Every structure is written in structure tokens, then in C-alpha cells.
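2 protein chains.
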Amino acid sequence: MTTVETEGEAVSAGAVSEFPPDLRPLGQVQDSYIVATNADGLWIVDQHVAHERVLFEHHLRQRREMRVEGQRLLLPIIVELKPQQLATFAGIAEELGANGFEVEPFGQRTVAVKTAPAEIRADDVERLLLEILDGVGQEVRALSLDVLRLKIAASVSCHAAIKVNMPLDHNKMAWLLRELGKTECPMACPHGRPIVLRYGLRVIERAFKRI
Amino acid sequence: MTTVETEGEAVSAGAVSEFPPDLRPLGQVQDSYIVATNADGLWIVDQHVAHERVLFEHHLRQRREMRVEGQRLLLPIIVELKPQQLATFAGIAEELGANGFEVEPFGQRTVAVKTAPAEIRADDVERLLLEILDGVGQEVRALSLDVLRLKIAASVSCHAAIKVNMPLDHNKMAWLLRELGKTECPMACPHGRPIVLRYGLRVIERAFKRI
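Going down the list, the protein sequences come from chains A and B. Residues 7 to 217 (the working numbering) are what the first sequence spells out, left to right. Residues 7 to 217 (the working numbering) are what the second sequence spells out, left to right.
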């Protein structure tokens with residue numbers, strides 16, 4: 007009696023155009039990974055990083071066109087900042103403004119967030135802002151504007167993306183795969199993690215000793 | 007950009023009881039491999055060998071209880087045999103009879119098949135009979151009755167089983183997984199090929215660099 011277990015093995019990527027346009031979602035593993043198929047075999051897509059990639063490119067596009075949407079909060083969120091965070095904030099306040107944030111100084115050590123990027127839940131706004139400030143940190147003077155924009159877009163999209171452990175219906179899965187296929191870089195998330203695993207048909211056939 | 011591809015790797019099997027009772031079918035790859043999931047991750051089941059295993063154990067059980075069902079053919083099928091096949095046939099005719107076949111000599115070099123195992127399609131009867139005869143071949147005198155029964159059951163179940171490239175609806179997939187789970191040896195087909203591949207949750211998480 008034999009069971010066969012596979013181990014993931016990273017290989018260098020093919021061209022972006024290799025992301026298949028014809029993936030058909032079958033369902034989820036652990037409400038976290040979308041299982042899909044096409045003539046090439048079986049594909050597993052990490053739903054969080056896939057959505058993150060979609061939102062990341064969308065956000066960057068909006069930013070380039072100066073059209074990032076902010077959402078006015080019902081009540082401003084008061085966030086206490088440490089000295090380094092305050093210094094960073096001063097350095098990137100304008101760029102934050104162009105990314106859907108409206109944040110104003112409010113007392114000596116606090117800021118008031120009045121508007122946040124549209125996709126972000128109100129109860130996540132403070133955490134997102136602090137993550138952006140800490141992510142930039144002391145680099146604030148050295149950072150190019152391009153890199154700063156990438157960092158902000160990555161943080162916003164990570165916070166706004168579908169999480170793991172979330173059931174998705176067939177339409178949502180199909181939508182996500184379709185949107186992912188339209189991105190410029192569908193195979194890796196903004197942080198460089200893989201989005202897609204492929205279990206090629208020949209790998210499966212070999213494992214079953216059919217070839 | 008990174009894509010990740012997995013390679014099948016055979017490892018020694020666990021106990022039979024390791025076949026999970028709670029597999030939920032998601033769909034098929036290439037109308038040939040059932041993709042299923044449970045809390046342990048992703049499973050791929052070769053539908054042909056899975057069904058073969060189910061039929062094999064069923065056939066052997068029926069044989070032990072002398073209850074193999076034969077199906078009377080509308081017209082007898084006349085099969086021409088080579089000398090070795092004729093000799094083999096003479097040696098195993100009785101056992102063939104206990105396995106749902108009713109085959110009678112018909113002329114010098116031919117036999118007439120009047121009844122065949124119930125699951126076998128009429129247009130496949132000749133091929134099955136020849137395969138059994140050739141599979142036994144010159145071993146006919148050396149073979150134990152037990153081994154002969156295993157050989158016949160393996161051939162019958164292979165011919166009767168669902169093929170690859172056959173669409174299965176959800177109920178059929180669920181039925182097959184359930185029946186496979188009831189077999190004594192759900193992990194390997196009668197010829198020793200694996201039936202089940204497991205892509206463990208931790209393997210998937212590692213491939214996605216989540217752990």
C-alpha cells in the first residue's frame with residue numbers, strides 16, 4: 007500500500023502571460039485556498055494574496071491618476087503616535103493625503119484620522135496607519151517617492167484584502183481569478199510571496215504512475 | 007515573480023485507517039482525477055483505480071461467497087483462441103465459471119461466451135477474456151487458486167471500472183469516495199498503483215510561504 011505526498015518546490019517563473027485565463031474554480035481548501043482547474047492540471051490560489059495583488063495594482067493605478075478614494079469616517083479616529091511615528095508622519099503626510107487618508111495633527115502626540123482609504127474598515131484604520139508609519143520608519147528621508155507609494159499601496163491592499171478562513175461562493179472565486187488574471191503580476195503578491203501553485207497534469211499522472 | 011510547482015514523491019504508507027472518512031469532493035481535473043478536501047488539506051483521487059479497488063474487493067467477496075453475478079449475453083460471443091490460450095482456458099475454465107463466465111468450447115479453436123460478469127459491457131467481453139488467459143499464460147499449472155482468483159478479480163474490476171476522461175457529477179464522486187473509504191486497502195489499486203495523492207495543508211502553507 008502506498009500513499010503519495012508532494013512537497014512544494016519553488017522554480018523560476020515563466021512569463022506573466024503564463025497565468026491561465028481559463029481557470030475554473032472547484033472550491034476551497036480550509037476556506038483559504040481556491041482550488042481551480044484547466045487543461046494544464048490543478049491550481050491552488052491563496053485567496054488573500056491574490057486579492058491583495060488585485061487591490062495593490064488597482065490602488066497604484068488610482069494613485070497615479072490622483073483618484074484614490076477616501077471614505078469619511080463617522081467619527082475621527084484619534085491615534086497616539088510615538089516620537090518616531092510622529093516624525094515619519096510629518097515626512098509623509100502629503101503622500102498619505104494622496105492615498106485616501108485625511109489625517110490632521112491633534113494635540114502634541116496624537117493625530118485625528120478623518121478619512122481613510124475606501125476599502126479599509128473603520129476598526130482597522132489605526133492599525134493600518136501605524137503599520138505604514140512603522141514600515142517607513144527612519145527611512146523617511148532616504149525613501150524615493152516611488153518606493154513610498156509602493157509601500158503604502160502594499161499596506162492598504164493587505165489590510166483591505168479578503169482574509170484566509172473566509173468561505174467564498176463560486177461567483178466570488180471566479181471573479182477573483184478573473185481579476186487576478188488581469189493584473190500585471192498575477193504570480194506573486196506585493197511582498198513577493200507566491201499567489202499560485204500549479205500541480206501540472208503530468209506531475210499528477212507521474213505521481214499516479216500513469217506515465 | 008515566482009511560480010511554484012510540486013513534484014510527486016512517494017513515501018511509505020500509513021495505516022489503512024488513515025484514509026479520511028470526511029473527504030468532500032470539489033470537482034475533477036481533466037474529468038479523470040477527483041479533487042477533494044478535508045481539514046488535512048487537498049486530496050486527489052484517480053477515479054479509475056479508485057473504482058477498480060472498490061469493484062475488486064466486491065468481486066473477491068462475491069467469489070468467496072460463491073455469488074458472483076453473471077449476465078447472459080443476448081448472443082453468445084465467439085472468441086478465437088491461440089493454442090496457448092486454449093491450453094490456459096482448459097486449466098481455468100472451472101474458476102472462470104465461478105467468476106461469472108459461462109464459456110463453452112465451440113469448434114476446435116474457438117469458444118462461445120454465453121454469460122459474462124455482470125458489470126462488463128458486451129463489447130468488452132472478448133478483450134477481458136483474452137486478457138485473463140494471457141495474464142495466466144503458461145503459469146496455469148504453477149498458479150495457486152488464490153492467486154488465480156486475484157488475477158481474475160483484478161482484470162474484471164479493471165474492465166468494469168469508470169474510466170478516466172469521464173465527467174462525474176457530485177453525487178457520483180461522493181459515492182465513490184465513500185465506497186473507497188470502506189475498502190480494506192483504499193490507498194492502492196489491485197496492481198499496486200496509488201489511488202490517492204495528498205497535498206497536506208502544511209505543504210500548501212509552506213509552498214505559499216505562510217509557515
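Glycine included, every Cβ here is placed at the ideal spot set by N, Cα and C. Small disclaimer: the values here were computed from a predicted structure and weren't measured.
Distance between Q114(B) and E101(B), taken at the CA atoms: about 21 Å. In terms of Cα proximity to L81(A), the closest of E75(A), Q91(A) and T121(A) is T121(A). In this structure the segment 189-204 of chain B lies against the segment 196-215 of chain A, because at least three pairs of beta carbons, one per stretch, are closer than 8 Å. The contact set of D28(B) on chain A, defined by CB atoms closer than 7 Å, is empty, because the minimum CB distance reaches about 13 Å.
Secondary structure of E108(B) (DSSP, three-state): strand. Distance from the Cα of D46(A) is smallest, within the candidate group A96(A), P26(A), G97(A) and V85(A), for P26(A).
C-alpha of H65(A) to C-alpha of F95(A): approximately 20 Å in a straight line.
Contact annotation: in the segment 192-216 of chain A, residues whose CB is within less than 7 Å of a CB in chain B are M193, A194, R199, P200, V202, L203, R204, Y205, G206, L207, V209, I210, R212, A213, F214 and K215. Rounded to whole angstroms, the separation of the alpha carbons of D28(B) and H176(A) is 21 Å. Looking only at V131(B), H54(B) and Q34(B), the smallest Cα-Cα distance to M193(B) is reached by H54(B). Within the segment 38-49 of chain A, the residues whose Cβ lies closer than 8 Å to some Cβ of chain B are Y39, V41, T43, A45, G47 and L48, listed in chain order.
C-alpha of Y205(A) to C-alpha of L61(B): approximately 29 Å in a straight line. Against chain B, the CB of V35(A) has a partner CB under 7 Å away; the residue lies at that interface. CA-to-CA, the gap between A148(A) and V170(A) works out to about 35 Å. Boundaries of the alpha helix (DSSP H) around K178(B): H176 to K188. Nothing from the segment 164-176 of chain A brings a Cβ to less than 7 Å from some Cβ of chain B. Annotation: the continuous beta strand (DSSP E) that includes E86(B) extends over G76 to E86.
By the criterion of a C-beta distance shorter than 8 Å, Q34(B) is surrounded in its chain by I40, V41, Q53, P173, L174 and M179, once the five residues flanking it on both sides are discounted. Inter-residue distance for L156(A) and Q91(A) is about 19 Å (C-alpha atoms, whole angstroms). When only Cα atoms are considered, T189(B) and V209(B) end up about 27 Å apart.
For G97(A), the uninterrupted alpha helix (DSSP H) segment begins and ends at P89 to G103.
Spatial neighbours of S38(B) in its own chain (CB-CB distance under 7 Å, excluding positions within 5 residues in sequence) are listed in chain order as Q53, V170 and N171. Shortest Cα-Cα distance from P196(A) to any of L186(A), W181(A), L183(A) and C164(A) involves C164(A).
For D52(B), the chain A residues whose C-beta falls within less than 7 Å of its own C-beta are F214, listed in chain order. Excluding residues up to 5 positions away in sequence, F62, H65, L66, R69, N105 and P196 lie with their Cβ nearer than 8 Å to the Cβ of A159(A) in the same chain. For G206(B), the pairing in a beta bridge is given by DSSP as G47(B).
In the DSSP assignment, the residues bridged to R30(B) are T43(B). Within a 10 Å sphere around the beta-carbon of V153(A) sit fewer than 16 other beta-carbons, which makes this residue exposed.
The beta carbon of L183(A) sits closer than 8 Å to those of L29, P31, I40, A42, V51 and A56, all from its chain and outside the five residues before and after it, given in chain order. The DSSP-derived three-state label of V35(A) is strand. Within chain A, L32, G33 and V41 have C-beta atoms less than 7 Å from the C-beta of L32(B), given in sequence order. Judged by DSSP secondary structure, A122(A) falls within the beta strand (DSSP E) whose first and last residues are T116 to P123. The C-beta distance from A124(B) to E75(B) rounds to 4 Å, short enough to fall under 8 Å. E108(A) and N44(B) have their C-alpha atoms spaced approximately 45 Å apart.
Less than 7 Å divides the Cβ of V85(B) from the Cβ of E132(B).
P111(B) is positioned such that its CB atom lies closer than 7 Å to that of V117(B).
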